[in-house]
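Comments concern the structure below.
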Amino acid sequence: MLSTLVTLMVDSVATSIYTSRVDRPPPTDDVVAAAEGDREAGNDFVEVGGADLESNGEVNGTISLMFLHVLELGIVLHSALIGLSLEASNNTCTIKGLVAALCFHQMFEGMGLGGCILQADYNFAKRMIMAFFFATTTPFGILVGLGLSKTYKENSPTALIISGLLNASTAWLLIYMALVDLLAGDFMGPKMQGSISLQLKSFVVVLLGAGGMSLMAKWA
Numbered sequence: 001m002l003s004t005l006v007t008l009m010v011d012s013v014a015t016s017i018y019t020s021r022v023d024r025p026p027p028t029d030d031v032v033a034a035a036e037g038d039r040e041a042g043n044d045f046v047e048v049g050g051a052d053l054e055s056n057g058e059v060n061g062t063i064s065l066m067f068l069h070v071l072e073l074g075i076v077l078h079s080a081l082i083g084l085s086l087e088a089s090n091n092t093c094t095i096k097g098l099v100a101a102l103c104f105h106q107m108f109e110g111m112g113l114g115g116c117i118l119q120a121d122y123n124f125a126k127r128m129i130m131a132f133f134f135a136t137t138t139p140f141g142i143l144v145g146l147g148l149s150k151t152y153k154e155n156s157p158t159a160l161i162i163s164g165l166l167n168a169s170t171a172w173l174l175i176y177m178a179l180v181d182l183l184a185g186d187f188m189g190p191k192m193q194g195s196i197s198l199q200l201k202s203f204v205v206v207l208l209g210a211g212g213m214s215l216m217a218k219w220a
């Protein structure tokens, strides 16, 4: 994780320095006129002098909503697994770690998901539905674990294989979304790319957050 964050930092700062030194020539009148003609003809997405023009927000909107749905799926599955493991486990040390995860990890996941939901082009009802699913999956997992507590053996080969596969599937999904869509999207945005000092300050905060979660995982 540390090497990934350092690589992202180097890539972001290098891209910012390069783009600040290379000035793109403004598009000529002929290119702008051709782009306007394409847009009037019904083309939703064209490129003019390196700048993306859209007649509507469907392209970015679709990507944003797809990202939000995948993020919601990963977080919901992860929350359900935590609730299931919390109720089905009889190990005190495991329960303490899961309670710590519920107190901190789920809180930060909720903050991140809530921010993405607010930025999406959703009405109030859809936002409430997504928030409802996030809020109820952990209690649902606890109820399922309560029903399986008498027959569930956490150290059995079947339980270990199923739990490992589910945890691995949600882990890679959340790591991919965090690195590719959240961190890379923010640091490669125009606001971050316009200020190297802001990038460095943000990377310090990211490293502190990653270090804090790592310490919590070791303690838990």
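Numbers 1 to 220, taken from my numbering, label the letters of the sequence shown in order. In this text, a Cβ means the ideal position worked out from N, Cα and C, and glycines have one as well. Remember, it's a predicted structure, so these values are computed and weren't measured experimentally.
Tell me whether residue i sits in a helix, a strand or coil according to DSSP, three-state version.
i, result
"VAL22", "coil"
"LYS150", "coil"
"TYR176", "helix"
"SER85", "helix"
"VAL12", "This sequence places Ser at residue 12; Val is not what is there. Correct three-state label for SER12: helix."
"ASP121", "coil"
"SER169", "helix"
"SER156", "coil"
"GLY112", "helix"
"GLY189", "coil"
"SER214", "helix"
"MET107", "helix"
By a C-beta neighbour count over all protein chains shown, 10 Å radius and 16 as the cutoff for buried, is residue i buried or exposed?
i, result
"VAL180", "exposed"
"GLN69", "What sits at residue 69 in the sequence shown is His, not Gln. HIS69 should be labelled exposed."
"GLY141", "buried"
"ASN60", "With a pLDDT of only 43 at ASN60, under 50, the local geometry of the prediction cannot be trusted, and the value read off the model is given with reservation. Flag for ASN60 reads exposed."
"MET1", "exposed"
"GLN119", "exposed"
"ALA80", "buried"
"MET66", "exposed"
"VAL3", "Just to set this straight, residue 3 is Ser in the shown sequence, not Val. SER3 is exposed by the Cβ-count criterion."
"LEU174", "buried"
Can you grab the Cα-Cα spacing for the pair residue i / residue j, in whole Å?
i, j, result
"GLY110", "LEU71", "11 angstroms"
"LEU123", "ASN155", "The sequence as given places Asn at residue 123; Leu does not occur at that position. Rounded to whole angstroms, ASN123 to ASN155 spans 45 angstroms at the Cα level."
"MET128", "ILE75", "16 angstroms"
"LEU222", "PHE132", "Any question about residue 222 goes unanswered here, given that the chain covers just 1 to 220."
"SER16", "GLY194", "7 angstroms"
"PHE108", "PHE203", "18 angstroms"
"SER12", "PRO157", "44 angstroms"
"ILE178", "HIS105", "First, the residue type needs correcting, since residue 178 is Ala and not Ile in the sequence shown. For ALA178 and HIS105, the distance between alpha carbons rounds to 14 angstroms."
"ILE117", "LEU102", "21 angstroms"
"LEU86", "LYS126", "29 angstroms"
"VAL99", "SER214", "16 angstroms"
"GLY114", "LYS150", "36 angstroms"
"LEU148", "ALA159", "12 angstroms"
"GLU212", "ALA14", "The question names Glu, yet the displayed sequence has Gly at residue 212. Between GLY212 and ALA14, the C-alpha separation is close to 27 angstroms."
"GLY189", "TRP172", "24 angstroms"
"THR19", "ILE196", "12 angstroms"
Could you round the C-beta distance between residue i and residue j to whole angstroms and report it? I think they count as a contact, below 8 angstroms.
i, j, result
"GLY145", "GLY83", "6 angstroms"
"LEU77", "THR170", "5 angstroms"
"ALA210", "LEU5", "6 angstroms"
"PHE134", "LEU8", "That pair is no contact at about 27 angstroms."
"LEU198", "MET192", "6 angstroms"
Would you please verify whether the beta carbon of residue i is less than 7 angstroms from any beta carbon of chain B?
i, result
"PRO190", "Absent from the structure: chain B. Only one protein chain is present."
Looking at residue i and the ligand FMN, is the gap between the Cβ and the nearest heavy atom below 6 angstroms?
i, result
"LEU200", "The model depicted lacks the ligand FMN and carries no ligand whatsoever."
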